[in-house]
Amino acid sequence: MPRARTTSKPESRLTRQGTQNSEKTDASDKSDKKRSRSPATRTSKRARVEPATTAATKAKTTTKAAAAQKAASKSAEKPVAKPAPKAAAPRAPKAPKPDLISPPTLPAPTRPSPLVWVWGATDSGQLGLGENYNSEVPKPRRHPWAEQQISEGTFGSEPGAGILSVTSGGLHTYLLDEKGRIWSAGTNDEGALGRETKKEPTENEAHLRAQEFVLIQTLADEGFRAVQLATGDNFGAALNDQGDLKVWGTFRDDEGKSNFSSDVGKQLAPTSITIHGLYTPKSSSDKIASIAGGENHLVALTTQGEVYSWGIGGSGQLGRRVLSRHKNEALAPKRVVLGSRSRKAVLIGAGLRSTFAVDQAGEVWGWGLNSVGQLGIGERGEIVLQPTKLEVLSPSNLPSSVEGEQDRVVQIRGGEFHTVFRTAQGKVYACGACNDYQLGLPEDHEVFEGKGTRGAECITEPVLVPLPDAVKDDPVVWISAGPRYSMAVTQDGALLSWGVGEQSELGLGDETEAVTPQIVVRRTGSWSAMQVSCGGQHVVGLFKKRESS
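Each number in this note's numbering comes from the position in the sequence shown (counting from 1) with 5 added on.
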């Protein structure tokens, strides 16, 4: 409540005037008396006395008037009691802003549950097949342990409960089950598994095995129900349906130093991360709605459409300049403005050292490393600090296959030096390096016309990726990208891959290169692909049995 203000009343102008007049009258009276006694006035004493008497009378009158005025002034100076000001009524708290984006939820389980399929490198236990499995998996194969757990009901409240999503990192993998619990496997040198491991665990220490899928028990014990996962080279992040975030592992800088926060190098167990200003009463409804991970940076989208980033930012991927003497500041979340603070985002994505966002109008923005045009802004250059619009992917510039409707980007995935975009109408666009066929463009594609050898190494604006005739009328519903390869899943369950995969990550058997998209899982086969996640040199997917099979 505001305090009542008290001020001392200054002496009134009227009081000061009365005092001055009184002093002047006294001085005049004395002067008249002196003049009446001078020799020059003795011959006419009576005449001189009369004016003096009159002046004295006037002086007395004036003095009395001044005294009366002074008394009146003193009376006026007496404080008059005023009513105390009314206390201000407490303000009602502002109603929280309605969410622009809702926090994600777990997809509804299906029966029969999809199975976990894996392929690619196994040298670091990233496929969770155990320490005795060291050979590459050249084509997709069912994961035996995961299949057994489904039949036993390990992943949910009943037999048949399965895995809802898969996420692959540099040398590790996460599985998300129907209870919102996370299972991890792979390399744990920097804490990427979110749990304690041991190099040579005994038979009684199965929970310490790194090369097999093991539950992140601390999150399960907390009752943390994850609904979305993100990862990078050495860190993991989980978002629950309340918009709360847990992160673990580390961000490694260009010198190889581990950085998680200003005072922690490696965070071995999941810990809560809050975005500055999100959880104050002013914006209590502002939670996290989506997360995306690059090689060594993390991006979060709030329910109010604001983008935050943190981690390693030497290539501009955080959307701000990071000074070497203030590197720790980059480890704290900070907002990225898309041209104007009033502009809101609805979607985010990331490459290894690049970051993207889509605003409410469907415009795509990119920032970070752009050495070979991977940002898709029409030019190449080392670093782009400020979010820059990708004009080619503006809804007004995208061709639409549905009359009266504009197409727009709804998913973004980035590799080491290339980026892949999926639109709402199932089209795939790509930009960046193409020297390893990452963009899936044939060598005689029109985009290469007139380009020299160096120009043919990259495409600086997104180009439509041509799909095989067998799936041309089958919209793409999912994309993923590895360092030098890309993958797409169609509505009918076909799986395509292209680029370079020297450790069988393409899923094409002995083939290590695919210039254009090649079919890994047929549209009409026994199994239907649902989603895939590309890691460093391995891939994990969810496939379901076709009803007719």
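Backbone N, C-alpha and C fix where the C-beta goes; we use that ideal spot for every residue, glycine too.
Any C-beta of chain C sitting closer than 7 angstroms to the C-beta of glycine 318? Of the chains in the structure shown, none is chain C; there is only one protein chain.
If contact is defined by three or more beta carbon pairs under 8 angstroms, each pair taking one atom from either stretch, is the region 266-277 in contact with the region 205-219? no
Paired residues, beta bridge with glutamine 272 - DSSP: Gly254
Quick check on DSSP: helix, strand or coil for alanine 499? coil
Please identify the residue among Gly386, Phe361, Ile464 and Leu444 whose C-alpha is closest to the C-alpha of valine 415. Phe361
State the Cα-Cα distance for the pair leucine 390 and tryptophan 315, rounded to the nearest angstrom. 14 angstroms
Let me make sure I understand the geometry here. Which of Asn193, Ser533, Arg427 and Asp226 has the alpha-carbon closest to that of threonine 255? Asn193
Where does glutamine 416 fall in DSSP's three states? strand
Burial state of leucine 328 (16 or more Cβ within 10 Å): exposed
Taking the straight line between their C-alpha atoms, what separation do you get for glutamate 210 and tryptophan 253? 22 angstroms
Could you check the C-alpha separation between alanine 563 and isoleucine 187 for me, to the nearest Å? The structure shown has nothing for residue 563, since the chain only spans 6 to 554.
Going by other Cβ atoms of all chains shown within 10 Å of its Cβ, with 16 needed for buried, is glutamine 272 buried or exposed? buried
Residues near alanine 45 by beta carbon distance below 8 angstroms, same chain, minus five either side: Only weak support is given to the placement of alanine 45: the predicted model assigns it a pLDDT of 40, under 50, and the question is left unresolved by the model.
Spatial neighbours of serine 533 in its chain, beta-carbon cut-off 6 angstroms, leaving aside the 5 residues before and after: Gly498, Lys549 and Arg551
So alanine 438 packs on histidine 423, CB below 8 angstroms; how close in whole Å? 5 angstroms
Could you give the distance in angstroms between the alpha-carbon of glutamate 396 and the alpha-carbon of alanine 166? 44 angstroms
Stretch-stretch touch, CB-based, cutoff 8 angstroms, three pairs: the region 370-383 with the region 430-446: yes
Can you list, in chain order, the residues of its chain whose CB lies under 6 angstroms from that of arginine 51, leaving out five sequence neighbours each side? Confidence is the limiting factor: at arginine 51 the pLDDT is only 34, short of 50, which leaves the residue's position unreliable and the question unanswerable from this model.
I believe glutamine 536 touches tryptophan 503 by the beta-carbon criterion, under 8 angstroms. Please report the beta-carbon distance rounded to the nearest angstrom. About 18 angstroms; that fails the 8 angstroms criterion.
Quick check on the burial criterion: 16 or more other C-beta atoms within 10 angstroms. Buried or exposed for aspartate 515? exposed
For arginine 116, does the three-state DSSP call read helix, strand or coil? coil
What is the DSSP secondary structure of glutamine 153, reduced to helix, strand or coil? helix
Run of the beta strand (DSSP E) containing aspartate 246, from where it starts to where it stops: That residue, aspartate 246, is in no beta strand (DSSP E); it is neither H nor E in DSSP.
Whole angstroms is fine: what's the gap from arginine 427's alpha carbon to valine 363's? 12 angstroms
Is arginine 330 helix, strand or coil when you go by DSSP? helix
CA-to-CA distance, asparagine 137 to valine 351, given in whole angstroms: 44 angstroms
For the region 131-178, list the beta strand (DSSP E) runs that are entirely contained and at least 3 residues long, ordered along the chain. 142-147 and 168-173
Can you name the start and end residues of the beta strand (DSSP E) that alanine 534 belongs to? 532-539
Between Tyr313, Gly506 and His331, which lies nearest to glycine 298 when the distance is taken from Cα to Cα? Tyr313
Distance check for glycine 419 and glycine 354, CA to CA, integer angstroms please. 8 angstroms
Taking the alpha-carbon of glutamate 368 as reference, which of Gln411, Arg326 and Asp249 has the nearest alpha-carbon? Gln411
Of the choices Ala235, Arg413 and Phe240, whose alpha-carbon is the least far from that of isoleucine 296? Ala235
Nearest-angstrom Cα distance between serine 170 and lysine 184? 12 angstroms
Using the C-alpha atoms, what's the distance from valine 468 back to glutamine 153? 43 angstroms
In whole angstroms, what is the alpha-carbon distance linking alanine 335 and alanine 475? 47 angstroms
On the DSSP letters alone, give me the boundaries of the alpha helix (DSSP H) that aspartate 479 sits inside. Taken as a continuous stretch (DSSP letters only), aspartate 479 belongs to no alpha helix (DSSP H), as it is neither H nor E.
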